[in-house]
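A.B. asks:
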Amino acid sequence: MAELTPFSYRSGRSILHAMDARFKLLFLILISLASLKAGAWGLPVLSGGLLVMLSVARLSSVAILKELRYFLFLLVVVFTARALTTPGEVVFTLKLMTLTREGLADGILVCWRLLLIVLLGFVLAATTRASEIRAAVEWVLKPIPAVPAKRIGTMMGLILRFIPVIFNQARETAEAQRARGIENRKNPLYRLAKLGIALIRRTFENADRLIVAMESRCYSENRTGPVLIAAKRDWIALLVIMVLILPMIFV
Amino acid sequence: MIVTENLSHRFSNGRLGIDRITLSIGAGAFVVVAGPNGSGKTTFIRHLNGLLKPTAGRVLLDGVSVSRDVVRARQLVGMVFQDPDSQIVGETVYDDVAFGPENLFLDRTEINKRVADSLQAAGLSHLAEERPHLLSGGEKRRLVIAGILAMRPRVIIFDEPFSSLDYPGVRQVLRQIVWLHQSGHTILVTTHDLEKVIAHADRLILLSEGRIVRDGLPDKVMKETERFGVREPCVSRLGLEVGSWLN
Numbered sequence: 007m008a009e010l011t012p013f014s015y016r017s018g019r020s021i022l023h024a025m026d027a028r029f030k031l032l033f034l035i036l037i038s039l040a041s042l043k044a045g046a047w048g049l050p051v052l053s054g055g056l057l058v059m060l061s062v063a064r065l066s067s068v069a070i071l072k073e074l075r076y077f078l079f080l081l082v083v084v085f086t087a088r089a090l091t092t093p094g095e096v097v098f099t100l101k102l103m104t105l106t107r108e109g110l111a112d113g114i115l116v117c118w119r120l121l122l123i124v125l126l127g128f129v130l131a132a133t134t135r136a137s138e139i140r141a142a143v144e145w146v147l148k149p150i151p152a153v154p155a156k157r158i159g160t161m162m163g164l165i166l167r168f169i170p171v172i173f174n175q176a177r178e179t180a181e182a183q184r185a186r187g188i189e190n191r192k193n194p195l196y197r198l199a200k201l202g203i204a205l206i207r208r209t210f211e212n213a214d215r216l217i218v219a220m221e222s223r224c225y226s227e228n229r230t231g232p233v234l235i236a237a238k239r240d241w242i243a244l245l246v247i248m249v250l251i252l253p254m255i256f257v
Numbered sequence: 003m004i005v006t007e008n009l010s011h012r013f014s015n016g017r018l019g020i021d022r023i024t025l026s027i028g029a030g031a032f033v034v035v036a037g038p039n040g041s042g043k044t045t046f047i048r049h050l051n052g053l054l055k056p057t058a059g060r061v062l063l064d065g066v067s068v069s070r071d072v073v074r075a076r077q078l079v080g081m082v083f084q085d086p087d088s089q090i091v092g093e094t095v096y097d098d099v100a101f102g103p104e105n106l107f108l109d110r111t112e113i114n115k116r117v118a119d120s121l122q123a124a125g126l127s128h129l130a131e132e133r134p135h136l137l138s139g140g141e142k143r144r145l146v147i148a149g150i151l152a153m154r155p156r157v158i159i160f161d162e163p164f165s166s167l168d169y170p171g172v173r174q175v176l177r178q179i180v181w182l183h184q185s186g187h188t189i190l191v192t193t194h195d196l197e198k199v200i201a202h203a204d205r206l207i208l209l210s211e212g213r214i215v216r217d218g219l220p221d222k223v224m225k226e227t228e229r230f231g232v233r234e235p236c237v238s239r240l241g242l243e244v245g246s247w248l249n
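Next comes the structure, spelled out in structure tokens:
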């Protein structure tokens, strides 16, 4: 089941684990924005920074690539679509398909950016407890009037917690349906509907049980939250990141 | 400790869940509530900490009505549900145990102390930073128990605690339950499988169709269980004394 949960917290004692979640959330937003604007020189800089983060957080690149294999497949699809549909200097033509030099460059750039953003999200999720992400989101939303920050924070925390459980249920349901020969049905919509209905029903039943269990443990929106403290290292990291990425965003 | 007076619950579809249950459970007791599926076991225990409101009657905890102070009732009476996966809410083992104390709005130092104590009591200290969904079935049950212990309850209710557990898992959880009883907690266990736990109980209550049909010493009540859809332990059928699964 672990292989189905790439975006989940992994405990550790690295500097990234110790950093304030609010800063990490801000860094994710800033670097993602910068990657959208970054070109041929900016992306290698950001990628270098990402590799440093992965190394500091002691996250295995091989394990990450293994866990992101389905996303990598999506990137291949994106790359192929870009490479074959962007007009420009023709590299080769096969029947109706034309591969262009501009398409290749554009495909690489888009995939690079997407991979960078997803890996940043991975680093954030792997080094930050869901409760800290929730507290950071609550902190951001708190000043906005009429927005129930604590409720949104709790919902976020629960979503993060239950994604692996829902994946597991989907896998179990799919296996049970395969055992009863659903693969003999060629209509993908029929198969999707059968899986979807069973999965949604189970998810709602679990949600009901979860509510009862939370009530039993005195759940309330006014709870003790995690302590978020901005340390010197957070400000230094912010300074370094601003110096690196502001030219990419504004130049 | 726990007193119920003519406790009844009728569901919105008109079905009677429990019917005029009156009983008293003293502090430090170890009570097994048995009955077949649909006999009202879960409905009954959910009244003891205010998860369900009675249609008639009332529940008193140390003389105070549950409906008057539900938060107090939930602190006093911890509940371990059947399916651990749907009650674990934390991203890590530590986070999950801290969930209850955080809801009680305790300060962080007290929360940390309670979490450490509870994890130690459940034998899970070494897994504090582990992701809960990676734990084994027995470890998940112990995590749920640790989450309840962190709220410092005096009564702990286990709803079918041995379902879907293998033999080592059953022994782990049973050992935990017995230890909790020995450390002064009042224990209520609902089950339809008496064999695993009855050796440790000092009272057996049989429910059938929402009513108490037998209530007394396990040795005496056990002989009549099959009349009400609960299997009599094998050794009891043979006229032998039921032994502990921990031996």
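So the protein lines, in turn, are chains A and B. Counting the first sequence from 1 gives a position; this note's numbering is that position plus 6. Counting the second sequence from 1 gives a position; this note's numbering is that position plus 2. Built from N, CA and C at the ideal position, the CB exists for glycine as well.
#1: Got a sec: which bits of the region 164-175 of chain A sit with their beta carbon under 8 Å from any beta carbon on chain B, in order along the chain?
#2: Is DSSP giving HIS187 of chain B helix, strand or coil here?
#3: Against chain B, does ALA219 of chain A count as a neighbour if the rule is that its beta carbon must be under 8 Å from one of theirs?
#4: By DSSP's criteria, MET81 of chain B is part of a beta bridge. Which residues make up the other side?
#5: With DSSP as the reference, identify every bridge partner of ALA236 of chain A, one or two as the case may be.
#6: Does DSSP classify ILE150 of chain A as helix, strand or coil?
#7: Under DSSP, the alpha helix (DSSP H) around MET220 of chain A begins and ends at which residues?
#8: Across which residues does DSSP place ILE207 of chain B in a beta bridge pair?
#9: Among the residues of its own chain, which have a CB less than 7 Å from the CB of ILE20 of chain B, if the five just before and after it don't count?
#10: Would you mind stating whether ILE150 of chain B and VAL244 of chain B have Cβ atoms separated by less than 8 Å?
#11: Ends of the alpha helix (DSSP H) at ASP97 of chain B?
#12: From ALA31 of chain B to ALA130 of chain B, what distance separates their C-alpha atoms?
#13: Any beta carbon of chain A sitting closer than 8 Å to that of SER259 of chain B?
#14: Can you give the Cα-Cα distance for VAL233 of chain A and LEU105 of chain A, rounded to whole angstroms?
#15: Quick check on the burial criterion: 16 or more other C-beta atoms within 10 angstroms. Buried or exposed for ILE203 of chain A?
#16: Between which residues of its own chain and THR227 of chain B is the CB-CB distance below 6 Å, once the five residues before and five after are set aside?
#17: Counting C-beta neighbours from all protein chains within 10 Å, is the total for SER166 of chain B 16 or more, i.e. buried, or is it exposed?
#18: How would you call GLU9 of chain A, buried or exposed, if buried means at least 16 neighbouring beta carbons within 10 angstroms?
#19: Hey, LYS142 of chain B and ASP195 of chain B: beta-carbon distance below 8 Å or not?
#20: GLY159 of chain A and ALA141 of chain A look like a contact to me (Cβ under 8 Å); what is the Cβ gap, rounded to whole Å?
#21: So which residues on chain A does ILE113 of chain B lean against when the C-beta distance must stay under 9 Å?
#22: What does the alpha-carbon distance come out to for the pair LEU122 of chain A and LEU71 of chain A?
#23: Does the ligand NAP have even one heavy atom less than 7 Å from the beta-carbon of VAL153 of chain A?
#24: Taking the beta strand (DSSP E) that ALA58 of chain B belongs to, which residues open and close that run?
#25: Assuming contact is defined by CB atoms lying nearer than 8 Å, are VAL35 of chain B and GLY52 of chain B in contact in what I supplied?
#26: Beta-carbon of GLU93 of chain B versus every beta-carbon of chain A: anything under 8 Å?
#27: Return the chain-ordered list of same chain residues with a C-beta closer than 8 Å to the C-beta of ARG239 of chain A, the five sequence neighbours on each side being excluded.
#28: Output needed for ARG173 of chain B: all residues of its chain with C-beta closer than 7 Å, excluding positions within five of it in sequence on either side, in chain order.
#29: Answer yes or no: does any C-beta atom of chain B fall closer than 8 Å to that of VAL233 of chain A?
#30: Go ahead and label ILE189 of chain B buried or exposed: buried means 16 or more other beta carbons lie within 10 angstroms of its beta carbon, across all protein chains shown.
#31: In the DSSP assignment, what are the bridge partners of VAL51 of chain A?
#32: Near ILE155 of chain A, what residues of its chain come up, given a Cβ to Cβ distance below 6 Å and the 5 sequence neighbours on each side ignored?
#33: What do you reckon, are the CB atoms on ALA152 of chain B and VAL180 of chain B nearer than 8 Å?
#34: According to the neighbour-count rule (16 or more other Cβ atoms, all chains shown, within 10 Å of its Cβ), is PRO220 of chain B buried or exposed?
#35: When burial is assigned at 16 or more other CB atoms within 10 Å of the CB, is PRO155 of chain B buried or exposed?
#36: Is ALA213 of chain A near LEU166 of chain A, with beta carbons less than 8 Å apart?
C.D. replies: Inspection of the coordinates gives the following:
#1: LEU164, LEU166, ARG167, PRO170, VAL171, ASN174
#2: Taking the first residue of the second sequence as 1, we reach residue 187 of chain B at position 185. Note: HIS187 of chain B maps to coil in three-state DSSP.
#3: In the first sequence, the residue the question calls residue 219 of chain A occupies position 213. Yes, ALA219 of chain A counts as interfacial toward chain B.
#4: Mapped onto the second sequence, residue 81 of chain B falls at position 79. In the DSSP assignment, MET81 of chain B is bridged to B:ILE159.
#5: Within the first sequence, numbered from 1, the residue matching residue 236 of chain A stands at position 230. Note: ALA236 of chain A sits in no beta bridge, so no partner.
#6: Position 144 of the first sequence, counting from 1, holds the residue named residue 150 of chain A. DSSP places ILE150 of chain A in coil when its eight states are reduced to three.
#7: Residue 220 of chain A sits at position 214 when you count from the first residue of the first sequence. Counting along the chain, the alpha helix (DSSP H) containing MET220 of chain A begins and ends at 194-222.
#8: Along the second sequence, read from residue 1 onward, the residue named residue 207 of chain B stands at position 205. Answer is B:VAL35, B:ASP217, bridged to ILE207 of chain B.
#9: Here residue 20 of chain B corresponds to residue number 18 of the second sequence, with the count starting at 1. Around ILE20 of chain B: LEU9, SER10, HIS11, GLY42, THR45, PHE46, GLY212.
#10: Translated into the one-based positions of the second sequence, residue 150 of chain B becomes position 148. Translated into the one-based positions of the second sequence, residue 244 of chain B becomes position 242. The Cβ-Cβ distance between ILE150 of chain B and VAL244 of chain B does not fall below 8 Å.
#11: To locate residue 97 of chain B, count along the second sequence from 1; it is residue 95. Segment 95-105, the alpha helix (DSSP H) holding ASP97 of chain B.
#12: As a first step, residue 31 of chain B is located in the second sequence; it is residue number 29 there, counting from the start. As a first step, residue 130 of chain B is located in the second sequence; it is residue number 128 there, counting from the start. Roughly 31 Å between the two C-alpha positions.
#13: Residue 259 of chain B is absent from the structure shown; chain B starts at 3 and stops at 249.
#14: To locate residue 233 of chain A, count along the first sequence from 1; it is residue 227. To locate residue 105 of chain A, count along the first sequence from 1; it is residue 99. When rounded, the distance between both Cα atoms is 54 Å.
#15: Reading the first sequence from its first residue, position 197 is the one you call residue 203 of chain A. Burial call: exposed.
#16: By 1-based counting over the second sequence, the position of residue 227 of chain B is 225. The residues are GLU234.
#17: If you number the second sequence from 1, residue 166 of chain B lands on position 164. Label assigned to SER166 of chain B: exposed.
#18: For the purposes of this step, residue 9 of chain A is taken as residue 3 along the first sequence, with counting starting at 1. Reliability fails at GLU9 of chain A, whose pLDDT of 44 lies under 50, so the model's placement of it is uncertain and no value is given.
#19: Working through the second sequence from its first residue, we reach residue 142 of chain B at position 140. Working through the second sequence from its first residue, we reach residue 195 of chain B at position 193. No. Outside cutoff.
#20: Against the first sequence, residue 159 of chain A aligns to sequence position 153. Against the first sequence, residue 141 of chain A aligns to sequence position 135. Yes, they are in contact, since the Cβ atoms of GLY159 of chain A and ALA141 of chain A sit about 7 Å apart, within 8 Å.
#21: Translated into the one-based positions of the second sequence, residue 113 of chain B becomes position 111. Neighbours of ILE113 of chain B on chain A, chain order: THR230.
#22: Stepping through the first sequence from its first residue, residue 122 of chain A is reached at position 116. Stepping through the first sequence from its first residue, residue 71 of chain A is reached at position 65. Distance between the alpha carbons of LEU122 of chain A and LEU71 of chain A: 12 Å.
#23: Although the ligand NAP was asked about, the structure shown includes no ligands whatsoever.
#24: Translated into positions along the second sequence, residue 58 of chain B becomes position 56. Start and end: 58-63.
#25: Translated into the one-based positions of the second sequence, residue 35 of chain B becomes position 33. Translated into the one-based positions of the second sequence, residue 52 of chain B becomes position 50. Going by C-beta atoms, VAL35 of chain B is not nearer than 8 Å to GLY52 of chain B.
#26: On the second sequence, residue 93 of chain B is found 91 positions in, with the first residue counted as 1. Cβ-Cβ to chain A under 8 Å: yes for GLU93 of chain B.
#27: By 1-based counting over the first sequence, the position of residue 239 of chain A is 233. ILE21, ALA24, MET25.
#28: On the second sequence, position 171 is the one that residue 173 of chain B refers to. Closer than 7 Å at the Cβ level, and outside the excluded window around ARG173 of chain B, lie TRP247, LEU248.
#29: Position 227 of the first sequence, counting from 1, holds the residue named residue 233 of chain A. It does: the Cβ of VAL233 of chain A has a partner Cβ on chain B nearer than 8 Å.
#30: Along the second sequence, one-based indexing puts residue 189 of chain B at 187. Classification for ILE189 of chain B: buried.
#31: Here residue 51 of chain A refers to the residue found at position 45 when the first sequence is read from its first residue. Looking at the DSSP assignment, VAL51 of chain A forms no beta bridge with any residue, so it has no partner.
#32: Against the first sequence, residue 155 of chain A aligns to sequence position 149. At residue 155 of chain A the sequence reads Ala, which differs from the Ile that was named. Once the five neighbours on either side are set aside, the close Cβ partners of ALA155 of chain A are GLU144, LEU147, LYS148.
#33: The sequence position of residue 152 of chain B within the second sequence is 150, counting from 1. The sequence position of residue 180 of chain B within the second sequence is 178, counting from 1. Taking 8 Å as the Cβ cut-off, ALA152 of chain B and VAL180 of chain B do not qualify as a contacting pair.
#34: Taking the second sequence and counting its residues from 1, the one referred to as residue 220 of chain B is at position 218. Per the 10 Å Cβ criterion, buried.
#35: In the second sequence, counting from the first residue as 1, residue 155 of chain B sits at position 153. Answer is buried; the Cβ neighbour count reaches 16.
#36: Counted from its first residue, the first sequence places residue 213 of chain A at position 207. Counted from its first residue, the first sequence places residue 166 of chain A at position 160. No, the Cβ-Cβ distance between ALA213 of chain A and LEU166 of chain A is not below 8 Å.
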